[in-house]
Structure formats: C-alpha cells, structure tokens
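Going down the list, the sequences are from chains S and R.
Under my numbering, think of the first position of the first sequence as 1, with each following residue one higher.
Under my numbering, think of the first position of the second sequence as 1001, with each following residue one higher.
2 protein chains.
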Amino acid sequence: MNIVGVDLGGTNIKAALVDESGEISMQKTTKTFANEGTEMICDRIIELIKDLAQNEVVKVGIGSPGSIDRENGVIKYANNITALNGVKIVQKIKEKTGFDAYLENDAKAAALGEKWFGSAKNTENFIVLTLGTGVGGGAYTEGHLIVGGHGFGGEIGHMIVDPSGPVCSCGSKGCLETFSSVTGMREWVKIFKERYPDSLVFKHSENGFIDAKAIFDAYKEGDRLATLVVRKFNWGLGIGIGSLVNIFNPDLIILSGGISRANDIFLEEVKQVAHEHTYPSLSHSYDIIISELKEKGAILGAASVALERTK
Amino acid sequence: MNIVGVDLGGTNIKAALVDESGEISMQKTTKTFANEGTEMICDRIIELIKDLAQNEVVKVGIGSPGSIDRENGVIKYANNITALNGVKIVQKIKEKTGFDAYLENDAKAAALGEKWFGSAKNTENFIVLTLGTGVGGGAYTEGHLIVGGHGFGGEIGHMIVDPSGPVCSCGSKGCLETFSSVTGMREWVKIFKERYPDSLVFKHSENGFIDAKAIFDAYKEGDRLATLVVRKFNWGLGIGIGSLVNIFNPDLIILSGGISRANDIFLEEVKQVAHEHTYPSLSHSYDIIISELKEKGAILGAASVALERTK
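In structure tokens form, the structure reads like this:
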C-alpha cells in the first residue's frame, strides 16, 4: 500500500505519495496560512491527502513540530501552528478520507525515516539530530524509537551542554539549541556584534535578517565574527554528541535538517569535539554522518511513521 | 524458583538467596582477594552459590562492575577485578553448579532491582543513578532496560554536565562523575584545600584518607570547604538529572548506592537545580527519590537480572 507523508510546518505543508521502498511518485506543497484558523488548515491538509491518493487507498503518516499525543492523534502543542493545538487531526483525516493516519513529532519522524529509507537501515541503534531553527532529536535504540515516559517525547535539543552558556528560550542555560541551531547562532551574532560591526554576516543579511546562509557564507570568506559563531555551533554540537554517545552507545549519529547540508563547514570539527568527550571504550564505536535523504528527509520521515506503526 | 544474587566487588563478593518477591532468606559475604587470580576467585563465587542454594535448583543473577558481554556471560573489563576480565563466568557457573546464570553491569542491575523489588514497580520509565566511588546509571524506558548499541551499556556517569569542569579519569572534562561521586568530591577537596587547610574534613579523615563521611560530617558542622564540595556535588547532579529528564522524559529518577543514603544533605538542592534545567513542559512530570532498597539494592539488583532475563 502506498503512503501519503505529510510534513506540517508553520510556513508550508508538504506532502508526497511514497511507496514502501521510499520512492516518491508525486509531491505537493501548500502554504500553511497558520493564522487562518483550524478548519481552513485541516481542510487544506485533507485536500492535499486526497489529491495525492488519487482514489487509491493509502496510509497517512504525519510529522508535526512540537509535542504530540500519538495515541490519540492530537498535536498537543506546536508554537508555530497554534491553530492545530488540541485538534484530533488523525480522527479528522479518517472521517474525511477514510484513511488510517499516524502522527509523530517531526524530529522523531526523521529518525524513523532514516531507519526505513536512509542510512540507518542496517542498525538498531542510532540517533538523529535535526538541525534547523531549533534542534530536534530522536533516539532509536535496540530496535525501537524512544518516545519518552509520557509519550510526548524527549527534548534532546534541550540537553545542557554548557551550564555557563547562553540563556535558552526554555528558561534553562546552555541547552544544545543555544549553540547548534539558527536561533542559537543568531544570538551569538548579537553577542559578538559590537566588536565586529563590519562583519560580512551583516552585509550578507537582507533587510537585517540573519540566516544560516549569511553566517556560513561569511565564514567561508574568513570573517572573524562568523568564525566565532561557527566554532560555538561546532563546540556545542560536539559536546552534545559526546554525551549522547556516552548515554546511548549508538552506532550512528545522523545529522539532518536544513543546516546539516552545510556539513563541509562543521562536520570535521564536530567529530573532533565529540571524540574528545566520549568515553574511551566508546570513542571508536560510532560515526557521525549527514543524512542522505537531504530535502526529502522530512517527507520520507512522515511517511515512515505510517510504516513503523503498522509493521 | 529461588534466585541467588551475586554482587561482585573489588573488595567483597556478596551473595544472597532471594525469592521471587525479593525476600532475602540467607546472605553470605566473602572477601574478593582480587589479586589471588582467576581460578581462586571463580571457585569462591561458585562455593558461595552452592552454599546458598542448599541442594535446591536456583537461578543465578550476577551484578558486576565495568563493561560486560551479557550474551556470552563475560566480564569484558572491570578495573577492580582484572583477574575476571575475559572470563566466561556464566559458563563456569553452569559447568560447576548446573545452574543457569545471567550477568549484568551492576548499575544496570540496580535499575532492574528497582523495577522488580523497589520504587519502580509501577512505572515503565525511570532512571537509576548509583552514587558511590563513581557514578553508574541505568535507564529503563517504555518497558525495557537500555543496554546500548554494542551491548556493553552506556556510561551515564560520563555525560558532560560542565565542559569547563574538572578533568575526568576518562580524559574528558566535567563528566557527572567529576562532581557527584566520592572520587569527584575528593578532587574538589584537593582544589579547595590550600584555602581551607584547617577544614574539619581533614580532622574527620583517618590517616589522611578522605571519604564521603568525612565530607558530610564536616558539612553538617557548617564547614566551609565541605559546603563548597557538597554544592558542587548537588550542582552537577542536578544538571545531569535535568538533561536526562529532557532526553528520556522519565517518571522517576531513583538515586541509589552508598552516597544516596546521605540524602538529607543533598536531595532538596538537587531537586531545585534539576528543576531549573528541565524543559518547562517536563518539569512537573518526574520525581527524584532515594532508593528504598538501601544496602540490599546491589544484591536484589543482581537477583533481578535472572528474573528479567527469564520473564
């Protein structure tokens, strides 16, 4: 049976028709228009699913930001699509399309995607970190995904990598996310800005909006501020990975998400920092790699949720 | 069927005859004499098991320090009983006694002990931290013990709680163990020693050997050096627990091992530090408690290994 994978985001809803080998035969994207209200958004999701299913019976897998209640198919809290919070999305899809749907947090869906279609096919022990606006994560250990005690998943991006680090949006200090995400890098740019007002980072930022590309481009040109920010990124990520290796002893750490594609900039240094922080007997037991699924990672992750739940 | 639980240590081998409800009917201890060589130590373990079994057929559960190969029943590396490294202890016991035996790392055995006989009976999601000479740990999540990718377990005591912290024996910096273990506290005493040469810690230490009791006794008398050391202990443990909650989302964190019994000194502050470092939506989802198994924790943990593997 084919699957429709749905990647919910605050800006776009992406969906694709996927077969069980991960081949995408059709893909559609629509704007989320997150402020248009619950019914409108749900209708657009359902429309997208029907469009892609083309009168076939399909299974539906959904990857959503935020915390989710997978048993009841409800998004508990996602701060960029608040209109969907508390909505029984899985039940709605069933009612309107007749299809069985399965909901998962997007970072955990990305982990499942690696297991079904990506680099983790041959291991039962790996961790996926999704590097983007924030840091998400999914740990898969001894053959199953860790979803955490209360079913709404852990927050790997909020493990503390440096208690003397920057204050995080969550109220704690030095979370992984304060170093190794776009949000984190943007804060580090602010911290260093007064010393480097002429940094290329600002020249590369349209309308004063600093994105990862501006920082990475400036870094490649040898810009000092960008170099400091990239070092913070690498340092935090390396320490975080070191701790995760010590805790979980995985075979693979797979980096995915938008920023992971800038791997030529950070991967070698992250590997070194992680190596310095792993327990000696574990330090040669794992590898850190970049997801091969690239921009298809989120959609294939969503699709794999349906496969994992019905396997 | 009754179980003989064997708690292997560098100084003592403790064993007990335990029934399936955790009742201990007989207990024996023998010196390890770790330098007497493989055969002698194995013979003592087998003698102990036979003594306790008293012609009944029993199952044997063994808790061992260090890294173990549970599938083949071999202690891979334990630095305080090196004579047993590489020895097929499970097979030897089977040959000499006819009993099926099951081997586990001692901190992970302690976690199983809490599940079978302790405070974790009614939860599928908890973490045990054993606080002693070092810090060990076992995470039990969604109904099973995490033993790590290569079967020889994670090293939770070596998660990094402060990358600017003290150098650890493992070569990394600021591992949980450098703060919240006897070894860690002893190093902090050295760091502060020159400023507080008259500390009560030294008065309470026989022959200059500083143990946890000396530090805790001095703390209770208001000693400044001891206060600083206990604060480091609490701070590291609180941050480590905060990260573990964010990663695993457990219902319970259970502190066991020798130092945990000084809970009147540290528990409240550890709870506060952990609270400051957990993700807001998780911060009321867990509790930190002291193991109720007390000095029986290690033996009951060892016994529970046999129960868990044959359940």
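Ideal Cβ placement from N, Cα and C applies to all residues, glycine included.
Remember, predicted model here, so these are calculated numbers, not experimental data.
Problem set entry | Exposure of A33(S), with buried meaning 16 or more beta-carbon neighbours within 10 Å | Your numbering for residue 33(S) matches position 33 in the first sequence. The displayed chain sequence assigns Phe, not Ala, to residue 33(S). By the 10 Å Cβ count, F33(S) comes out exposed.
For this session: In the DSSP assignment, find the unbroken beta strand (DSSP E) run with S25(S) in it and report its ends.
Result: In the first sequence, residue 25(S) corresponds to position 25, counting from 1. Counting along the chain, the beta strand (DSSP E) containing S25(S) begins and ends at 24 to 31.
Problem set entry | Per-residue DSSP class, three states only, for I146(S) | As a first step, residue 146(S) must be located in the first sequence, where it is residue number 146. It is coil, neither helix nor strand.
Exercise. According to the neighbour-count rule (16 or more other Cβ atoms, all chains shown, within 10 Å of its Cβ), is H1284(R) buried or exposed?
Worked result: As a working note, residue 1284(R) is residue 284 in the second sequence. Classification for H1284(R): exposed.
Exercise. Going by C-alpha distance, which of R1070(R), V1004(R), I1081(R) is nearest I1046(R)?
Worked result: As a position in the second sequence, residue 1046(R) is number 46, starting the count at 1. Out of R1070(R), V1004(R), I1081(R), V1004(R) has the C-alpha closest to the C-alpha of I1046(R).
Exercise. In chain order, which continuous runs of the alpha helix (DSSP H) of length 4 or greater are located wholly inside the segment 1133 to 1206 of chain R?
Worked result: 1182 to 1193, 1200 to 1203
For this session: Could you tell me whether the segment 252 to 259 of chain S touches the segment 291 to 304 of chain S, where touching means 3 or more Cβ pairs closer than 8 Å?
Result: yes
Problem set entry | From G1066(R), L1307(R), D1211(R), residue whose alpha carbon lies closest to that of N1080(R) | The sequence position of residue 1080(R) within the second sequence is 80, counting from 1. N1080(R) has its Cα closest to that of G1066(R), out of G1066(R), L1307(R), D1211(R).
Exercise. Is Y1219(R) helix, strand or coil by DSSP?
Worked result: Stepping through the second sequence from its first residue, residue 1219(R) is reached at position 219. DSSP places Y1219(R) in helix when its eight states are reduced to three.
Exercise. Should F1209(R) be labelled buried (16 or more other beta-carbon atoms within 10 Å of its own) or exposed?
Worked result: Residue mapping note: residue 1209(R) aligns to position 209 of the second sequence, counting from 1. The residue is exposed, with fewer than 16 neighbouring Cβ atoms inside 10 Å.
Exercise. Is it a yes or a no for the segment 1186 to 1199 of chain R touching the segment 273 to 281 of chain S, going by three-plus beta-carbon pairs under 8 Å?
Worked result: no
Exercise. Per DSSP, what kind of secondary structure is V87(S) in: helix, strand or coil?
Worked result: Counting from one through the first sequence, the residue named residue 87(S) turns up at place 87. In the structure shown, V87(S) sits in coil (DSSP, three-state: anything other than H, G, I, E or B).
Exercise. Since K59(S) is in the beta strand (DSSP E), which residue starts that stretch and which ends it?
Worked result: Locating residue 59(S) in the first sequence gives position 59, where the first residue counts as 1. Counting along the chain, the beta strand (DSSP E) containing K59(S) begins and ends at 59 to 64.
Exercise. Does L282(S) get closer than 8 Å to chain R when you measure Cβ to Cβ?
Worked result: As a position in the first sequence, residue 282(S) is number 282, starting the count at 1. Yes, contact with chain R.
Exercise. From E308(S) to Y1140(R), what distance separates their C-alpha atoms?
Worked result: The count along the first sequence starts at 1 and reaches residue 308(S) at position 308. The count along the second sequence starts at 1 and reaches residue 1140(R) at position 140. The straight-line gap from Cα to Cα measures roughly 22 Å.
For this session: Just tell me which of D1051(R), L1244(R), K1115(R) has its CA closest to the CA of S1291(R).
Result: On the second sequence, residue 1291(R) is found 291 positions in, with the first residue counted as 1. The shortest Cα separation from S1291(R) among D1051(R), L1244(R), K1115(R) belongs to K1115(R).
For this session: Evaluate E1039(R) with the Cβ neighbour count: other Cβ atoms within 10 Å of its Cβ, from every protein chain shown; 16 or more gives buried, anything less gives exposed.
Result: In the second sequence, the residue the question calls residue 1039(R) occupies position 39. Answer is exposed; the Cβ neighbour count stays below 16.
Exercise. Is A1016(R) helix, strand or coil when you go by DSSP?
Worked result: Position 16 of the second sequence, counted from the first residue, corresponds to residue 1016(R). Here A1016(R) sits in strand by DSSP.
Exercise. Between which two residues does the alpha helix (DSSP H) carrying S304(S) extend?
Worked result: As a position in the first sequence, residue 304(S) is number 304, starting the count at 1. Counting along the chain, the alpha helix (DSSP H) containing S304(S) begins and ends at 297 to 309.
Problem set entry | Bridge-paired residues (DSSP) for N1079(R) | Stepping through the second sequence from its first residue, residue 1079(R) is reached at position 79. DSSP lists no partner for N1079(R).
Exercise. So who's on the other strand from Y102(S), going by DSSP bridges?
Worked result: As a working note, residue 102(S) is residue 102 in the first sequence. Looking at the DSSP assignment, Y102(S) forms a beta bridge with G61(S).
Problem set entry | Stretch pair the segment 1083 to 1093 of chain R + the segment 1209 to 1225 of chain R: three plus CB contacts closer than 8 Å | no
Exercise. Nearest-angstrom Cα distance between P1166(R) and G1174(R)?
Worked result: What you label residue 1166(R) is simply residue 166 of the second sequence in a count that begins at 1. What you label residue 1174(R) is simply residue 174 of the second sequence in a count that begins at 1. C-alpha separation (whole angstroms): 5 Å.
For this session: State the Cα-Cα distance for the pair E269(S) and D287(S), rounded to the nearest angstrom.
Result: As a first step, residue 269(S) must be located in the first sequence, where it is residue number 269. As a first step, residue 287(S) must be located in the first sequence, where it is residue number 287. Roughly 13 Å separates the two Cα atoms.
Problem set entry | Exposure label - T310(S); buried when at least 16 CB within 10 Å | Here residue 310(S) refers to the residue found at position 310 of the first sequence. Exposed, since its Cβ has fewer than 16 Cβ neighbours within 10 Å.
Exercise. With 16 as the cutoff for other CB atoms within 10 Å, does T1130(R) come out buried or exposed?
Worked result: Residue mapping note: residue 1130(R) aligns to position 130 of the second sequence, counting from 1. So T1130(R) counts as buried.
Problem set entry | Supposed contact pair N249(S) and G1073(R) - C-beta distance, whole angstroms, cut 8 Å | Numbered from 1 along the second sequence, position 73 holds the residue referred to as residue 1073(R). Numbered from 1 along the first sequence, position 249 holds the residue referred to as residue 249(S). Contact flag wrong, Cβ pair sits at about 19 Å.
Exercise. Comparing alpha-carbon positions, which option in T133(S), G171(S), V305(S), L145(S) lies nearest T11(S)?
Worked result: Start at 1 with the first residue of the first sequence, and residue 11(S) comes out as number 11. Closest by alpha carbon: T133(S).
Exercise. Is it true that the CB of G240(S) sits closer than 8 Å to the CB of V161(S)?
Worked result: The residue you call residue 161(S) lines up with position 161 of the first sequence. The residue you call residue 240(S) lines up with position 240 of the first sequence. Closer than 8 Å, so yes.
For this session: Determine the DSSP secondary structure at T97(S), reduced to helix, strand or coil.
Result: One-based indexing of the first sequence puts residue 97(S) at position 97. Reduced to three states, the DSSP call for T97(S) is helix.
Exercise. Tell me, which residues are paired with L8(S) by DSSP?
Worked result: Residue numbering aside, residue 8(S) sits at position 8 when the first sequence is read from its first letter. Answer is I13(S), bridged to L8(S).
Exercise. Closer than 8 Å, CB to CB, is V1305(R) near chain S or not?
Worked result: Within the second sequence, numbered from 1, the residue matching residue 1305(R) stands at position 305. False, the Cβ-Cβ gap to chain S never drops below 8 Å.
For this session: At 7 Å on the CB atoms, spell out the chain S contacts of D1251(R), in chain order.
Result: The residue you call residue 1251(R) lines up with position 251 of the second sequence. Those are G149, listed as they occur along chain S.
Exercise. Which full runs of the beta strand (DSSP E) of 3+ residues lie inside the segment 1227 to 1288 of chain R, going along the chain?
Worked result: 1252 to 1256
Exercise. According to DSSP, is T38(S) helix, strand or coil?
Worked result: Locating residue 38(S) in the first sequence gives position 38, where the first residue counts as 1. Helix.
For this session: Answer with yes or no whether the minimum CB distance from Y1219(R) to chain S is below 8 Å.
Result: Residue mapping note: residue 1219(R) aligns to position 219 of the second sequence, counting from 1. Not an interface residue.
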